[in-house]
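Okay, so here's the structure we're looking at.
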Amino acid sequence: KAGVTQTPRYLIKTRGQQVTLSCSPISGHRSVSWYQQTPGQGLQFLFEYFSETQRNKGNFPGRFSGRQFSNSRSEMNVSTLELGDSALYLCASSPGTGGAGTEAFFGQGTRLTVV
Amino acid sequence: GEDVEQSLFLSVREGDSSVINCTYTDSSSTYLYWYKQEPGAGLQLLTYIFSNMDMKQDQRLTVLLNKKDKHLSLRIADTQTGDSAIYFCADRATSGTYKYIFGTGTRLKVLA
Chain A
44 KAGVTQTPRY
54 LIKTRGQQVT
64 LSCSPISGHR
74 SVSWYQQTPG
84 QGLQFLFEYF
94 SETQRNKGNF
104 PGRFSGRQFS
114 NSRSEMNVST
124 LELGDSALYL
134 CASSPGTGGA
144 GTEAFFGQGT
154 RLTVV
Chain B
-9 GEDVEQSLFL
1 SVREGDSSVI
11 NCTYTDSSST
21 YLYWYKQEPG
31 AGLQLLTYIF
41 SNMDMKQDQR
51 LTVLLNKKDK
61 HLSLRIADTQ
71 TGDSAIYFCA
81 DRATSGTYKY
91 IFGTGTRLKV
101 LA
């Protein structure tokens, strides 16, 4: 069974640009969550999508947005990039039912560098 | 809001046991997890425990949960150099959502 696939693995962008990151969850999983990991703030929850609907949202500015497609693949977009957006962005896949044992599995992440 | 805290560093000798500690604040926590992150990689789920359990053992891993003190620990028996990584404790307070609150991570260094 294939794991969680995030593309691209590495990305370099210039301040002010926008970027789109992609996540393909494990087959059959309907929930996709996104996290930002930085040395200073650690792992912070961005948002979660389930069946194409945003189910939960973290405390990030509106420049961070996401969506989920009918095949459960998800994208997140960051507009007007700032230097502080440089981070490892991790995607997590789960069945989505939220019950016992339905833990999330993470991808390898996309390393975004803003210059 | 919810918060999860861990000590930053732990160093042990190969073959010894490692104990990584975590405290959390949310009294409604339902599921608590331990993840491992190796350099340049994503998070690997190690184990988890439900809030109605006190202990869970999984091969070399033992998780202890003290709900009264909101304290979680991960014990790794016979620690190997391959166990060197960052270990994250995570709290998923509400069933039905996958919003995890992660601790700061504990960097485990195993000395040969």
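Same order as they appear, the protein sequences are chains A and B. Quick note, the first sequence lines up with residues 44 to 158 if you use our numbering. Quick note, the second sequence lines up with residues -9 to 102 if you use our numbering. Yeah, the Cβ is synthetic: ideal placement off N, Cα and C, and Gly gets one too. Bear in mind the structure is a predicted one, so any value in this text is a computation, not a measurement.
Are there 16 or more other CB atoms within 10 angstroms of the CB of A:I55, so buried, or fewer, so exposed?
-> exposed
Using a C-beta to C-beta distance shorter than 7 Å, which residues of chain B count as neighbours of A:G150?
-> G32
Beta bridge counterpart(s) of A:A130 as assigned by DSSP = A:L155
Express the C-alpha separation of A:T81 and B:L64 in angstroms, rounding to a whole number.
-> 24 Å
Residues of the region 18 to 42 of chain B with Cβ closer than 7 Å to any Cβ of chain A, in chain order | Y23, A31, G32, L33, L35, Y38 and F40
Cα-Cα, which of B:T69, B:F(-1) and B:G32 is closest to B:S7?
-> B:T69
Is the shortest distance between the beta-carbon of B:I91 and the beta-carbons of chain A less than 9 Å?
-> yes
DSSP puts A:K56 in a beta bridge; with which residues?
-> A:V157
Give the DSSP-derived three-state secondary structure of A:G109 in the structure shown.
-> strand
Touching or not, the region 67 to 77 of chain A and the region 122 to 140 of chain A, by the rule of three or more beta carbon pairs under 8 Å?
-> yes
Three-state secondary structure assigned by DSSP to A:T123 | coil
Output, in chain order, the set of chain A residues within a Cβ distance shorter than 8 Å of B:T87.
-> E91, R98, N99 and G141
Which residues share a DSSP beta bridge with B:I10?
-> B:L64
Three-state class that DSSP yields for B:G104 in the structure shown | Since the first and last residues shown for chain B are -9 and 102, residue 104 of chain B lies out of range.
How big is the Cα-Cα spacing for B:E28 and B:V100?
-> 13 Å
Is DSSP giving A:I69 helix, strand or coil here?
-> coil
Note the first and the last residue of the continuous beta strand (DSSP E) segment covering B:D48.
-> M45 to D48
So A:S65 and A:R116 are in contact, right, with Cβ under 8 Å, and what is the actual spacing, rounded?
-> 7 Å
CB contact check: A:S117 to chain B, cutoff 9 Å | no
Expected contact under 8 Å - CB spacing of A:V62 and A:L155 to nearest Å = 6 Å
Kindly indicate if chain A contains any beta-carbon less than 9 Å away from that of B:T94.
-> yes
Three or more C-beta pairs below 8 Å linking the region 1 to 16 of chain B and the region 48 to 62 of chain B = yes
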